[in-house]
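Structure first, commentary second.
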Amino acid sequence: MPESLPTPALHGDAATVVLLRESPHGPEVLLLERPSHRGSFAGAWVFPGGHVDPEDRQFPSPDDGDARDPLVAAALRAGVRETLEETGLAVSAADLAVFSIWTPPPTAPKRLRTWFFLAAVDAGADTRIVLSPDEHVDHAWVTPAEALRRHGEGLVNLVPPTWMTLRWLAGQDSAAGAVAAARCQPAAEFRSLRTLDDEGRPIVAWAGDEAYDLDGRAGPAGTRNRLHLGTLPWIRERTRPST
3 MPESLPTPAL
13 HGDAATVVLL
23 RESPHGPEVL
33 LLERPSHRGS
43 FAGAWVFPGG
53 HVDPEDRQFP
63 SPDDGDARDP
73 LVAAALRAGV
83 RETLEETGLA
93 VSAADLAVFS
103 IWTPPPTAPK
113 RLRTWFFLAA
123 VDAGADTRIV
133 LSPDEHVDHA
143 WVTPAEALRR
153 HGEGLVNLVP
163 PTWMTLRWLA
173 GQDSAAGAVA
183 AARCQPAAEF
193 RSLRTLDDEG
203 RPIVAWAGDE
213 AYDLDGRAGP
223 AGTRNRLHLG
233 TLPWIRERTR
243 PST
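Residue 66 in our numbering sits at position 64 of the sequence shown; the count goes up by one each step and never skips.
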C-alpha cells in the first residue's frame with residue numbers, strides 16, 4: 003500500500019443550515035444560487051451558511067440550545083446568524099439538529115470544517131426569502147428528488163456535500179421526520195479526498211475506500227466508499243469485497 007498522504011491544517015470552521023418545509027409533494031429544501039463569476043462555489047446551488055466568526059465563539063449564550071461542546075455551540079451560533087443574514091429567516095439553535103461534519107479535500111484552497119444542521123420551518127408562516135446580494139443571486143424551495151433530477155440533467159450545479167445531503171433527504175417522508183431522524187443518530191463525518199478511479203475518472207473517496215490513501219484509513223482492495231463525478235448523474239458507490 004502506498005504511503006498515506008499527510009492531512010494539511012484546517013483554515014477554520016463553518017456552519018451550513020439545511021432548511022426544510024412541508025409541501026403537498028413532500029418535504030422541500032431551500033437552495034441558494036451562488037454568483038457565477040466570483041467567490042466560493044461559484045455558480046453552485048448551496049444551503050445557507052458561512053464561517054464561524056470569532057464572536058460566535060464567545061460563551062456562554064442563552065441561544066446555545068443543548069450543545070455542550072464549545073465548538074458545536076459556536077457552529078450553531080454561526081448557523082443561526084448566517085441563516086438570518088443570507089435568507090432573512092430567523093431560526094434558533096434549539097431548532098437545529100446536527101446532521102453531518104464535512105472536512106474538505108487536502109487540495110482545497112480553503113479548508114473549512116463544516117457542520118451541517120437540519121431545521122424545519124413552518125410552511126404556513128412567512129417564508130419569503132430576502133437574499134444577501136453579495137452572497138447569492140437566486141433561491142428555490144424544491145424537493146430533494148427534484149434538485150437531484152435537475153443536477154443529473156445538467157440544469158444546476160451542486161457540490162458533493164450538497165448532493166449527498168439531498169440524497170439522504172430524498173428518502174425522508176416529512177421535514178419534521180428528517181429533523182427527528184437527525185437528532186436520533188450520530189453526526190456522519192466525511193473527510194473527503196478527491197482522486198481518480200482505476201480508469202482515470204474523478205471521484206470523491208471517504209474513509210474505508212481502497213483509494214482513500216489519507217491518514218492510513220484506506221480500505222482493503224475492492225472496498226468502495228465513494229462518489230463518482232465523471233458523468234451525470236453522479237453515482238454513489240458503497241460496497242465491500244465478497245469474502
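Where a beta carbon is used, it is the ideal one built from N, C-alpha and C, also for glycine. Just so you know, these numbers come straight off a predicted model, no measurement behind them.
DSSP state of Val123 mapped onto helix, strand, coil: Coil, per DSSP.
Straight-line Cα distance separating Leu21 from Leu34: Those two C-alpha atoms are separated by around 11 Å.
The stretch 195 to 206 / the stretch 92 to 110 touching (three or more Cβ pairs under 8 Å): In short, these stretches touch, since the Cβ pair count reaches three.
Proximity below 7 Å, CB of Ala2 to CB of Val74: Any answer about residue 2 is impossible in this case: the structure gives the chain only from 3 up to 245.
Cβ-based burial, Asp124 [other Cβ within 10 Å; buried from 16]: Exposed: under 16 other Cβ atoms inside 10 Å.
Contiguous beta strand (DSSP E) assignments of at least 3 residues, all confined to the stretch 89 to 162: Every unbroken stretch of the beta strand (DSSP E) spanning 3 or more residues and falling wholly within the stretch 89 to 162 is given here in chain order: 99 to 105, 114 to 122 and 140 to 144.
Cβ-based burial, Arg185 [other Cβ within 10 Å; buried from 16]: Arg185 comes out exposed.
Span separating the alpha-carbon of Thr145 from that of Trp47: If you draw a straight line from the Cα of Thr145 to the Cα of Trp47, it comes to about 14 Å.
Status (buried if at least 16 other CB within 10 Å, exposed otherwise) for Met3: Bear in mind that the predicted position of Met3 carries a pLDDT of just 40, short of 50, making it unreliable; the figure below should be weighed with that in mind. With fewer than 16 other beta carbons inside 10 angstroms of its own, Met3 counts as exposed.
Same chain only: Cβ atoms within 6 Å of Asp55, ignoring 5 sequence neighbours per side: For Asp55, where only same-chain residues beyond five positions count, there are no Cβ hits under 6 Å.
From Pro50, Ile205 and Ile103, residue whose alpha carbon lies closest to that of Val139: Answer by Cα proximity: Pro50.
Whole-angstrom distance between Gly202 and Phe101, CA atom to CA atom: Between Phe101 and Gly202, the alpha-carbon positions lie close to 32 Å from each other.
Environment of Thr241 [buried if 16+ CB atoms lie within 10 Å]: Under this definition Thr241 is an exposed residue.
Nearest candidate by alpha-carbon position, reference His39, set Asp215, Ile205 and Asp136: Of the candidates Asp215, Ile205 and Asp136, the one whose C-alpha sits nearest the C-alpha of His39 is Asp136.
Spatial neighbours of Ala178 in its chain, beta-carbon cut-off 7 Å, leaving aside the 5 residues before and after: Excluding residues up to 5 positions away in sequence, Ala122 lie with their Cβ nearer than 7 Å to the Cβ of Ala178 in the same chain.
Proximal residues to Asp97 (C-beta, below 7 Å), its chain only, five neighbours per side dropped: Within the same chain, Ala121 come within 7 Å of Asp97 by CB-CB distance, once the 5 residues on both sides are set aside.
Cβ shell of Leu160 (< 7 Å), same chain only, five flanking positions each side left out: Non-local C-beta neighbours of Leu160 in its own chain, meaning closer than 7 Å and more than five positions away in sequence, comprise Ala46, Trp47 and His153, ordered along the chain.
CB of Arg219 within 7 Å of CB of Glu239, strictly: Contact: no.
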